[in-house]
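Protein chains in written order, with this note's numbering: chain A, 1 to 469; chain B, 1001 to 1349. Using N, Cα and C, we set each Cβ at its ideal position, and we do this for glycine too. Since the model is a prediction, treat every value here as computed from it, not as a measurement.
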């Protein structure tokens, strides 16, 4: 209630308000008469059936408006949950991989051809042969080329590398019989995880025949076939075998690319923002620059890829598929976003700070570098991290500069061939093998985890350093 | 703060200025491959096996599409340009001429095998035989009715031919940007309309081509996106069983428990039928290698040997296991010899 309730023509907010006005009016005799008249009149105007109906309609409109908002949020949350649940349902199984337990005899003739137990000798050893021999011993009744080929089909073509690495770490194992969990093929893995349907003829998934499924059941019943943590997924790069792929190549590639991007666009973005906000004269030219920066922030990212191809690859002759070029292209894309966010952060620093500094005799540069910039920096960092998160999810500009590629090695430097996480996801989604479905979802989960971390850091920085006036 | 900013900016400027010269100064020690996304799964499999042997670095394989690959491949000779391009069709005469103009004069063509394009339905759904002409009639934008070309009126298969079942026409396939779509149009649509009398009667060659190639846009043919896996999933999840998917053979091969291939003109899409050329909807796939890069880029000759080896291409090799349909043994032998003798290709006609 204000002090002067219900002057003529000003409607009261609700009947309760009108009653309150009437009650308050009793205390002041001179005005009480007027107030009572007003209250009466307003009562007659605002408590009629028609007025109450109007009021109810306004409340209903408000409730409806709130309901729209809640529905919008519910739809958004529902969609997000659906995405996450689908990803988890499809992708969680990728963090485990099927292994087969075998008693492998590390015959020196096979695994140490030179017999000197040196690293070079072990590296050329036929560990695949040793594992296949162990599998034959497990199923001694299997004879004939075709049946043996089916039997060896249970093993991954990369099974030997684990065993080799263990022997490299401890050469004294040579000549002994050891128990190893060796990697199973993707078809066995899909059957173990229930992605392959069993068929009436005894086979499964159209990929395994009846005999292979029988061996699978036999191994599983004996406890010699089980799911184990898929460490490889975090230590390997790309592969054509779904059971051997890893995301480390993509993660390192993303890290290198984003590092270049951040190193380039943060200093340039901040410098541009400070000049435009603090020093630049306001004229048609700076207006033109401002319009162009805002415009660039909305340009589709593929355009920056084309620019990168034309300028950096064709004109400057930089290498294809390099994180260096990827980082520069993404920096061009992120720069407008960072400039806009940084300018907003500078504008949020109150003029009183500047005036106080001027009052103490600081020069313009001292004002900016000693006071305005430190106060605006948290906002600039937040903006930059969000721009980086956006750059992390980008694939289109990288297509043009050759970063959409099959790369088995983990990049070691800025000019090594590399790919990035979202590209890795895109390429796995395109592969025909069924095992890639879960790997794709798992890689998306990892990417989401990275994005979440970056956004959490942005929020943390804002909360920690932000100052309110 | 000031010093930090300036120091960073200076460091960046120096890095940017120096890096390209460094990268160009050293010759490449890694094979670079571009090209078709259809050949991509096979070339990457060879690249991985090749890299595993440990003698050379694993080649970098980019998926740029056949046309895009040709453009990059033909741009010139030297470490800045790729050594190999994948193609899901032969190099055209125009592309060959571009190559020649840019100094890529000597090119080795290696046919690696075939890719069948299959039409598939959900397993257990009514799987009736069709001819290419019937498919054309079901999917063309305009079809002849009573001697006149009219907008495609067919809603159900039995309207095209009473012997076909009473099922709605519903086909999901790749969009026009896809190489699979190009091949589908060429091998199914164009072949299907060839013997239609009303089309043959057309005088104007361009109008005839248009009539043959155009696919209806009234919702009977749905574009499922570039990702063949999505088309497979849509078909496998289809309740009515009427939905027919169009994609490459390797996707059928990996999903035989969920979908089955359609018999076209009496021939089911099996490995043997595509390899022997009986199955009508198949295309050849190639890789092209720059002769000038052999023995300059380390491992290129060995990579060609690996690609054409029996270990890779043979009947029990790892490429057929990935769904590649290879040439018969005798032709493989011939290809291997031509490749290792570095026999150059002629200008395609």
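Legend entry - Complete runs of the alpha helix (DSSP H) confined to the segment 1192-1230 of chain B [at least 4 residues]: 1197-1200 and 1205-1213
Legend entry - Pair within 9 Å by beta-carbon distance, residue 1035/B and residue 1043/B: yes
Legend entry - Which residues DSSP lists as bridging residue 1144/B, in chain order: 1149/B
Legend entry - Closer than 9 Å to chain B by CB, residue 404/A: yes
Legend entry - Cβ contact (3+ pairs, closer than 8 Å) linking the segment 284-294 of chain A and the segment 376-388 of chain A: no
Inset, instruction - Kindly list, in the order they appear in chain B, the residues whose Cβ is closer than 8 Å to that of residue 239/A. - result: 1048
Inset, instruction - Pick helix, strand or coil for residue 1123/B, following the three-state DSSP scheme. - result: coil
Inset, instruction - Output the distance between the C-alpha atoms of residue 207/A and residue 305/A, rounded to the nearest integer angstrom. - result: 40 Å
Legend entry - Between the CA atoms of residue 381/A and residue 274/A - distance to the nearest angstrom: 14 Å
Legend entry - Neighbour-count burial assignment, residue 1299/B, 16 or more Cβ in a 10 Å radius: buried
Legend entry - Straight-line Cα distance separating residue 1264/B from residue 1285/B: 21 Å
Inset, instruction - Give a yes or no on contact between the segment 192-202 of chain A and the segment 165-182 of chain A, applying the rule of three or more CB pairs nearer than 8 Å. - result: no
Legend entry - Residues of the segment 1304-1337 of chain B with Cβ closer than 8 Å to any Cβ of chain A, in chain order: 1316, 1318, 1322 and 1323
Inset, instruction - Check each candidate in 1291/B, 1338/B and 1297/B and name the one with the smallest Cα separation from residue 1074/B. - result: 1291/B
Inset, instruction - Report the residue from 1318/B, 1248/B and 1174/B whose alpha carbon sits nearest the alpha carbon of residue 1270/B. - result: 1248/B
Inset, instruction - Run the CB neighbour count on residue 1097/B, radius 10 Å, all protein chains shown included, and call it buried at 16 or more, exposed below. - result: exposed
Legend entry - Unbroken beta strand (DSSP E) run spanning residue 99/A, endpoints: 96-105
Legend entry - Coil, strand or helix - residue 25/A by DSSP: Unreliable positioning characterises residue 25/A in this predicted model, as indicated by a pLDDT of 46, which lies under 50. A coordinate reading is not provided.
Inset, instruction - With DSSP as the reference, label residue 410/A as helix, strand or coil. - result: coil
Inset, instruction - Please list the residues of the segment 1251-1270 of chain B that have a C-beta atom closer than 8 Å to any C-beta atom in chain A, keeping them in chain order. - result: 1251, 1253, 1254, 1255, 1256, 1257 and 1258
Inset, instruction - Return yes when the Cβ of residue 1199/B is within less than 9 Å of the Cβ of residue 1280/B, no when it is not. - result: no
Inset, instruction - Identify the continuous beta strand (DSSP E) that holds residue 1032/B and give its terminal residues. - result: 1032-1035
Legend entry - For residue 233/A, the three-state DSSP class (helix, strand or coil): helix
Inset, instruction - Measuring only between beta-carbons, confirm whether residue 432/A sits less than 9 Å from chain B. - result: yes
Legend entry - residue 427/A burial status per 10 Å Cβ neighbour count (16 or more: buried): buried
Legend entry - C-alpha gap between residue 200/A and residue 80/A, whole angstroms: 39 Å
Inset, instruction - Could you spell out the range, first to last residue, of the alpha helix (DSSP H) harbouring residue 1274/B? - result: 1271-1275
Legend entry - residue 1022/B at chain A interface by Cβ criterion, 9 Å: In this predicted model, residue 1022/B has a pLDDT of only 41, less than 50, meaning its place in the structure is not dependable; the value taken from the coordinates is given anyway. It does: the Cβ of residue 1022/B has a partner Cβ on chain A nearer than 9 Å.
Inset, instruction - For residue 1032/B, decide whether its Cβ has a neighbour in chain A, counting only Cβ atoms nearer than 9 Å. - result: yes
Legend entry - Counted within 10 angstroms of its Cβ, other Cβ atoms place residue 411/A as buried (16 or more) or exposed: buried
Inset, instruction - Residues of the segment 1206-1235 of chain B with a CB closer than 8 Å to any CB of chain A: list them in chain order, please. - result: 1226, 1227, 1228 and 1229
Legend entry - Interface flag, residue 319/A vs chain B, CB-CB below 9 Å: yes
Legend entry - Inter-residue spacing [alpha-carbon to alpha-carbon] between residue 375/A and residue 349/A: 7 Å
Legend entry - Three-state secondary structure (DSSP) of residue 1285/B: strand
Inset, instruction - Please classify residue 1023/B: does DSSP put it in a helix, a strand, or coil? - result: A caution first: residue 1023/B carries a pLDDT of 41, below 50, which makes its placement in the model too unreliable to give a value.
Inset, instruction - Could you check which residue in 262/A, 365/A and 313/A has the C-alpha nearest to that of residue 330/A? - result: 262/A
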